[in-house]
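In what follows, a structure is listed as structure tokens, so that the remarks can point back to it.
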Amino acid sequence: MYRIISTSRLTELEAHASALPMARAQCDRVEKDLEKEKVRAADLTAALETANAQLANLRKHTAAEIELARSAAQRTRQQTNTLITEVQKRAKDIEVRADAKARELRAEIEQLKAQLPDPLPSPQGVLARYENLVGADIDLTLYITEAPTGMTRVQMLLILLCTGCGDRDEESRYVYDDCPEAREAFLTYEGAKLKRCGQTHAETCRAVTLPRRHTPVPLRPVAAAN
């Protein structure tokens, strides 16, 4: 038995039928767009995986480089500490040796100062007197002694002595007779040399005179000839 469709319904169905090709075409376009998006999503997923792999590799290399840098820094720190320890040890050794050398030099100076005559030569036998940088005297003294043996009779001796550091220099000459001419010749040449030495020593010495000790006077000072 046939069903009768009204005209309005038929018109509606015809309208739907005429719109079906457009809907199918739109559906095809949506499917194509969906395929494109799927392909694009796959590309993006592959790119993301590649980027993640590169990031993981970079992190791995970075961690290795950081570890190498830490190891190098630790080695450098250890080497630096070793060098510092060695330098400190060497400095301590040098300081110990310097102290020992200073004590040795002070002992030698004390021995030299202990040999200073007490009392000092009489001013009448001092031909020149210089003063060092801290006020210690540097005396140039003439001594005349009898020669114990030999044909010569008299020894003329000039002694330059620093009462601060104990530095000593001397010049001597043996003569047959202690006459003014012999003294003048001796003081002109040997005396001039020691005077220059005394002036030079006074310009550089900073040793302070210690208290005089009671030691025998080795030589007899005499006044220079008039």
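Using my numbering, the letters of the sequence shown correspond one by one to residues 695 to 920.
Built from N, CA and C at the ideal position, the CB exists for glycine as well.
When DSSP labels each residue in this structure, what does Ala822 get in the three-state scheme?
If DSSP states are grouped into helix, strand and coil, Ala822 belongs with the strands.
By Cβ distance, which residues of its chain are closer than 7 angstroms to Arg703, with the 5 residues on each side in sequence left out?
Same-chain partners within the cutoff: there are none.
Specify, as a first and last residue, the run of the alpha helix (DSSP H) that Tyr668 falls within.
Nothing can be reported for residue 668: it is not among the residues displayed for the chain, which extend from 695 to 920.
Can you name, in chain order, every residue of its own chain whose Cβ lies under 7 angstroms from the Cβ of Gln772, other than the five neighbours on each side?
The answer is none, since no qualifying residue turns up.
Return the chain-ordered list of same chain residues with a C-beta closer than 6 angstroms to the C-beta of Glu743, the five sequence neighbours on each side being excluded.
So the list is empty, once near-sequence residues are dropped.
Going by CA-CA distance only, name the one from Val902, Ala785 and Arg867 that's closest to Ile832.
Nearest option by C-alpha distance: Val902.
When DSSP labels each residue in this structure, what does Arg862 get in the three-state scheme?
Strand, per DSSP.
Mind checking Tyr837: buried by the 16 CB within 10 Å criterion, or exposed?
Buried, since its Cβ has 16 or more Cβ neighbours within 10 Å.
Since Glu884 contacts Leu852 with CB under 8 angstroms, what's their CB separation in whole angstroms?
The Cβ separation is near 6 angstroms, so the contact holds.
Using only the alpha-carbon positions, how far apart do Arg734 and Thr770 sit?
When rounded, the distance between both Cα atoms is 52 angstroms.
Could you give the distance in angstroms between the alpha-carbon of Met716 and the alpha-carbon of Arg723?
Computed Cα separation, rounded: 11 angstroms.
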